[in-house]
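Chemist: Per this note's numbering, residue 63 is the first one in the sequence shown, and the count goes up by one each step.
Cβ coordinates follow ideal geometry from the N, Cα and C atoms, glycine included.
First the structure, which I've put down as structure tokens, then a few questions once you've had a look.
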Amino acid sequence: MVNHLKNKEPIKADTPHGSLATRLATLQQQVGSQATIIGVTKGQPTPLIEEAIALGMTDFGENKVQEAYGKWPELKQRHPHIRLHLIGPLQSNKVGEAVGLFDVIQTVDREKIAQMVADEAARQHRRLVTFLQVNTGEEPQKAGVAPGQLDALVRFHGDNSLPVPLGLMCVPPAGENPAPHFALLAKLARRHGLQELSMGMSGDFATALRFGATYVRIGTALFGPRA
Ligand SMILES: *Cc1c(COP(=O)(O)O)cnc(C)c1O
């Protein structure tokens, strides 16, 4: 529908603040109380993140440890209540830095990393929350534990007295119907009694919510295209 009257008015660019506020309000309405919205800020400038914080957002995600260190230490100092989630793959040589900055590590996917994260958290006196990333599509290039190996990884936590992971996370294969992947993740979480499900991004969060997502990770639908 075209509003002809409006079209004759001079074109006014959305202020970034106005448009972010509108997008967030719309998204909050769609998500409701079922899930926490994680604002994915990779490739986004600090002033835009400050606006999101001013609008009341508390959970943010970055997928690279190095990039996160470029902006988040200062932001977290100014806003100590923020929870920062690592949503990208974690290499063993980055565990110390990751534990020092992130509050939630969503991408634990093997025994060695699980043990290192727990050891580093103890050493740095950090209270951390972890999720296990599951490679639901069993893509060779993608991080995440294979669905068939999840039992062993959960058991490893118990056997070694590591803190129990809060939930599971997945990134379905690009270009595939995500629904079966979300269904599988939900089934695996139920089987292990894990409460939280981090699934759904800008393009598929509505589907993820139908399958029980409790965290959705939203980048472009909130902040626009990345640099
Ligand atoms: C970038 C990213 C997102 C956000 O993607 P959008 O499509 O921009 O919403 C979510 N999850 C992970 C793991 C990501 O790397």
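Since Q96 and L224 are thought to touch, with beta carbons under 8 Å apart, how far apart are those beta carbons, to the nearest angstrom?
Modeler: On the sequence shown, residue 96 is found 34 positions in, with the first residue counted as 1. On the sequence shown, residue 224 is found 162 positions in, with the first residue counted as 1. The Cβ separation is near 29 Å, so there is no contact.
Chemist: For a test of the three-state rule: what should DSSP assign to R288, helix, strand or coil?
Modeler: As a working note, residue 288 is residue 226 in the sequence shown. In the structure shown, the three-state DSSP call for R288 is coil.
Chemist: Classify T88: buried if its beta carbon has 16 or more other beta carbons within 10 angstroms, exposed otherwise.
Modeler: As a first step, residue 88 must be located in the sequence shown, where it is residue number 26. Its Cβ having fewer than 16 others within 10 Å, T88 is exposed.
Chemist: Measure the C-alpha to C-alpha separation of G105 and I149 and round it to an integer number of angstroms.
Modeler: Start at 1 with the first residue of the sequence shown, and residue 105 comes out as number 43. Start at 1 with the first residue of the sequence shown, and residue 149 comes out as number 87. One C-alpha to the other measures close to 14 Å.
Chemist: Can you name the residues that DSSP bridges to Q195?
Modeler: Translated into the one-based positions of the sequence shown, residue 195 becomes position 133. Paired residues: M231.
Chemist: Which partner residues does D121 have in the DSSP bridge list?
Modeler: Here residue 121 refers to the residue found at position 59 when the sequence shown is read from its first residue. DSSP lists R145 as partners of D121.
Chemist: Just to confirm, are I99 and Q90 a CB contact at a threshold of 8 Å?
Modeler: For the purposes of this step, residue 99 is identified with residue 37 of the sequence shown, where counting begins at 1. For the purposes of this step, residue 90 is identified with residue 28 of the sequence shown, where counting begins at 1. Yes, the Cβ-Cβ distance between I99 and Q90 is below 8 Å.
Chemist: Any residues whose CB sits closer than 6 Å to a heavy atom of ligand 1? List them in chain order?
Modeler: V102, K104, N125, I149, G150, V233, M263, S264, G265, R279, I280, G281, T282, A283
Chemist: Helix or strand or just coil, what does DSSP make of E201?
Modeler: Position 139 of the sequence shown, counted from the first residue, corresponds to residue 201. Coil at E201, not helix or strand.
Chemist: In three-state terms, what does DSSP make of I280?
Modeler: Residue numbering aside, residue 280 sits at position 218 when the sequence shown is read from its first letter. Three-state result, I280: strand.
Chemist: On the premise that L230 lies in contact with L194, defined as a C-beta separation below 8 Å, what is that separation, rounded to the nearest angstrom?
Modeler: For the purposes of this step, residue 194 is taken as the residue at position 132 of the sequence shown. For the purposes of this step, residue 230 is taken as the residue at position 168 of the sequence shown. Indeed, because the Cβ distance is near 5 Å, the residues count as touching under 8 Å.
Chemist: Would you tell me roughly how many angstroms separate the C-alpha atoms of D221 and L190, rounded to the nearest one?
Modeler: The residue you call residue 221 lines up with position 159 of the sequence shown. The residue you call residue 190 lines up with position 128 of the sequence shown. Whole-angstrom Cα-Cα distance: 19 Å.
Chemist: Tell me which same chain residues have a C-beta within less than 8 Å of the C-beta of A289, skipping the five on either side of it?
Modeler: What you label residue 289 is simply residue 227 of the sequence shown in a count that begins at 1. Taken in chain order, the residues that qualify are G105, Q106, P107.
Chemist: Considering only the beta carbon of each residue, do V161 and A183 sit closer than 8 Å?
Modeler: For the purposes of this step, residue 161 is taken as residue 99 along the sequence shown, with counting starting at 1. For the purposes of this step, residue 183 is taken as residue 121 along the sequence shown, with counting starting at 1. In contact: V161 and A183 (Cβ atoms closer than 8 Å).
Chemist: What residue range is occupied by the uninterrupted beta strand (DSSP E) comprising G101?
Modeler: In the sequence shown, counting from the first residue as 1, residue 101 sits at position 39. For G101, the enclosing beta strand (DSSP E) has its first and last residue at 98–102.
Chemist: Buried or exposed, going by whether 16 or more other CB atoms sit within 10 Å of the CB of V278?
Modeler: Residue 278 sits at position 216 when you count from the first residue of the sequence shown. Its Cβ being crowded by 16 or more others within 10 Å, V278 is buried.
Chemist: Exposed or buried, N155, counting other C-beta atoms within 10 Å across all chains shown (16 or more means buried)?
Modeler: Position 93 of the sequence shown holds residue 155. N155 comes out exposed.
Chemist: One question on the structure: do S86 and L110 come within less than 8 Å of each other, judged by their Cβ atoms?
Modeler: Your numbering for residue 86 matches position 24 in the sequence shown. Your numbering for residue 110 matches position 48 in the sequence shown. The sequence as given places Leu at residue 86; Ser does not occur at that position. Not a contact, by the Cβ cut-off of 8 Å.
Chemist: If you measure from the CB of Q211, is any heavy atom of ligand 2 nearer than 7 Å?
Modeler: The model on display carries ligand 1 but not ligand 2.
Chemist: Taking all protein chains shown into account, decide if A275 is buried (16 or more other Cβ within 10 angstroms of its Cβ) or exposed.
Modeler: By one-based count along the sequence shown, residue 275 stands at place 213. Within 10 angstroms of the beta-carbon of A275 lie 16 or more other beta-carbons, which makes it buried.
Chemist: Helix or strand or just coil, what does DSSP make of L137?
Modeler: Locating residue 137 in the sequence shown gives position 75, counting from the first residue. Three-state result, L137: helix.
Chemist: How would you call P142, buried or exposed, if buried means at least 16 neighbouring beta carbons within 10 angstroms?
Modeler: On the sequence shown, position 80 is the one that residue 142 refers to. Exposed: under 16 other Cβ atoms inside 10 Å.
Chemist: Within its chain, find whatever has a CB closer than 8 Å to the CB of K126; leave out the 5 residues flanking it on each side and keep chain order.
Modeler: For the purposes of this step, residue 126 is taken as residue 64 along the sequence shown, with counting starting at 1. Cβ within range, chain order: K104, G150.
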